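To keep things clear, I will list the structure first and then write my remarks on it.
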DNA sequence: TTGACTTGGTTGCCATGGCATATATCTTAG
DNA sequence: CTAAGATATATGCCATGGCAACCAAGTCAA
């Protein structure tokens, strides 16, 4: 029981495998629904929601939030701009960067997509999360996330 | 509190966000360690471990396990074969498919990588999972995974 | 002020995965 | 047995992300 005892009673490799499998399948399922109803995928929905809730963010802020590279964040912003869902505005305080904000179209889209997102997520997870373990697990994931972010774990290079 | 009550006391969108952020950062961090020490990434480690533990699996079995498309699984197998970590053997019962198995090199690699994997994962998560919430959360994710797999949620097309 | 360093972002190249298509094999109704 | 359909995989095209090279702009010390 060497493996189990390292995690204080939890089989960490099994925990990780379950975490990844849940994430993959939920992400895929949400992609399907969001694509068919709104023409976007989950990563775009999350970017739009972040920009709605944090207007004036920079490309680097998107990268940090989602733990993706700066390059990927920049390209993602390009795509949102190309669809006229977001735009870059010159940052008056630092001309190297731009401040991102949603357009009216983008705002309407994210609000509509959020309904689909929440509905689908509820459909897929509410039964399992309904019991008393739900909030405990949610709290633990929030703590794990906070720890990883505090220690800057798993940030890509570029 | 409409959102929270749908999940029986859990904010499902927040739960999902935390789940995805944890998965991304852990995956990235494990990628770094595995790449520098063994020249593989986490997805390859997981494939190798699966083949070690389920010898004679088919490409379709890999796809189902990881909720990726058949095409992606086929290409992944190609890459493992190219490195001589695995090989395809003709399936005597069905000549459309091959049975995959590790080579001796592949077996040595996965065993070595597993030590790095477990060690890194422990380093990153053991502190958070140590408390009483750890097993509760692990159990909940296992149940969620089982539900998603039972209902075939989030399987790609090809 | 200026030159070295840092920081924010963009872009090109490569690897990987999704999806559609193409093949080769099974399976099965008749 | 045969033809139609189902199944397992392979492969091509496209989208996306990592990483590195590059450029523009800010910071700082002397």
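Residue numbers (full-length UniProt numbering), protein chains in the order written: chain L, 1 to 158; chain S, 1 to 158. Backbone N, C-alpha and C define an ideal beta-carbon position, used for all residues, glycine too. Quantities reported herein were computed from a predicted structural model and do not represent experimental measurements.
If I'm right that residue i touches residue j with Cβ under 8 Å, what's the distance once you round it to whole angstroms?
{"i": "residue 51 (chain L)", "j": "residue 99 (chain L)", "result": "So it is not a contact: roughly 10 Å between Cβ atoms."}
{"i": "residue 45 (chain L)", "j": "residue 93 (chain L)", "result": "Actually they do not touch by this definition, with Cβ atoms about 29 Å apart."}
{"i": "residue 192 (chain S)", "j": "residue 68 (chain S)", "result": "Summary: the structure shown does not reach residue 192 (chain S), with chain S confined to residues 1 through 158, and so no result is reported for it."}
{"i": "residue 30 (chain L)", "j": "residue 121 (chain L)", "result": "7 Å"}
{"i": "residue 134 (chain L)", "j": "residue 10 (chain S)", "result": "4 Å"}
{"i": "residue 60 (chain S)", "j": "residue 141 (chain L)", "result": "No, residue 60 (chain S) and residue 141 (chain L) are not in contact; Cβ-Cβ is about 31 Å, not under 8 Å."}
{"i": "residue 154 (chain L)", "j": "residue 71 (chain L)", "result": "Not really, about 17 Å apart at Cβ, beyond 8 Å."}
{"i": "residue 125 (chain S)", "j": "residue 144 (chain L)", "result": "6 Å"}
{"i": "residue 188 (chain L)", "j": "residue 34 (chain L)", "result": "Any property of residue 188 (chain L) remains undetermined from this structure, which presents chain L solely from 1 to 158."}
Looking at the structure shown, is residue i part of a helix, part of a strand, or coil, going by DSSP?
{"i": "residue 157 (chain L)", "result": "coil"}
{"i": "residue 43 (chain S)", "result": "helix"}
{"i": "residue 9 (chain L)", "result": "coil"}
{"i": "residue 4 (chain S)", "result": "Legend: pLDDT at residue 4 (chain S) = 48, less than 50; position of this residue unreliable, no value from coordinates given."}
Provide the residue span of the beta strand (DSSP E) that contains residue i, from first to last.
{"i": "residue 57 (chain S)", "result": "Careful: residue 57 (chain S) lies outside any beta strand (DSSP E) and carries neither H nor E."}
{"i": "residue 88 (chain S)", "result": "86–90"}
{"i": "residue 97 (chain S)", "result": "It is not in any beta strand (DSSP E) - residue 97 (chain S) carries neither H nor E in the DSSP assignment."}
Strictly below 9 Å CB to CB, what residues from chain L border residue i?
{"i": "residue 153 (chain S)", "result": "25, 26, 28, 29 and 124"}
{"i": "residue 37 (chain S)", "result": "Ordered by position in chain L, no residue passes the 9 Å Cβ test against residue 37 (chain S), which lies about 16 Å from the chain."}
First and last residue of the alpha helix (DSSP H) that includes residue i?
{"i": "residue 74 (chain L)", "result": "70–82"}
{"i": "residue 111 (chain S)", "result": "104–129"}
{"i": "residue 14 (chain L)", "result": "12–38"}
{"i": "residue 134 (chain S)", "result": "133–150"}
At 8 Å on the CB atoms, spell out the chain L contacts of residue i, in chain order.
{"i": "residue 139 (chain S)", "result": "133"}
{"i": "residue 72 (chain S)", "result": "In chain order: nothing, as chain L lies at least about 12 Å away."}
{"i": "residue 19 (chain S)", "result": "19, 22, 23, 26 and 141"}
{"i": "residue 86 (chain S)", "result": "Those do not exist, as residue 86 (chain S) stays about 19 Å from chain L at its closest Cβ, beyond 8 Å."}
{"i": "residue 67 (chain S)", "result": "21, 24, 25 and 28"}
Taking C-beta pairs closer than 9 Å, name the residues in chain S that residue i reaches, listed in chain order.
{"i": "residue 13 (chain L)", "result": "49, 114, 117, 118 and 121"}
{"i": "residue 147 (chain L)", "result": "124, 125, 127 and 128"}
Against residue i, what residues of chain S qualify as contacts under a CB-to-CB distance less than 7 Å, listed in chain order?
{"i": "residue 143 (chain L)", "result": "128"}
{"i": "residue 156 (chain L)", "result": "28"}
Name the chain L residues that come within less than 7 Å of residue i, Cβ to Cβ?
{"i": "residue 9 (chain S)", "result": "134 and 135"}
{"i": "residue 16 (chain S)", "result": "26 and 121"}
- Item | the segment 68–88 of chain L in contact with the segment 15–30 of chain L per 3-pair CB rule at 8 Å | Cβ pair count under 8 Å is below three, so no.
- Using 8 Å as the Cβ pair cut-off and three pairs as the minimum, do the segment 34–44 of chain L and the segment 145–155 of chain S touch? When C-beta atoms of the segment 34–44 of chain L are compared with those of the segment 145–155 of chain S, fewer than three pairs fall below 8 Å, so the two segments do not count as touching.
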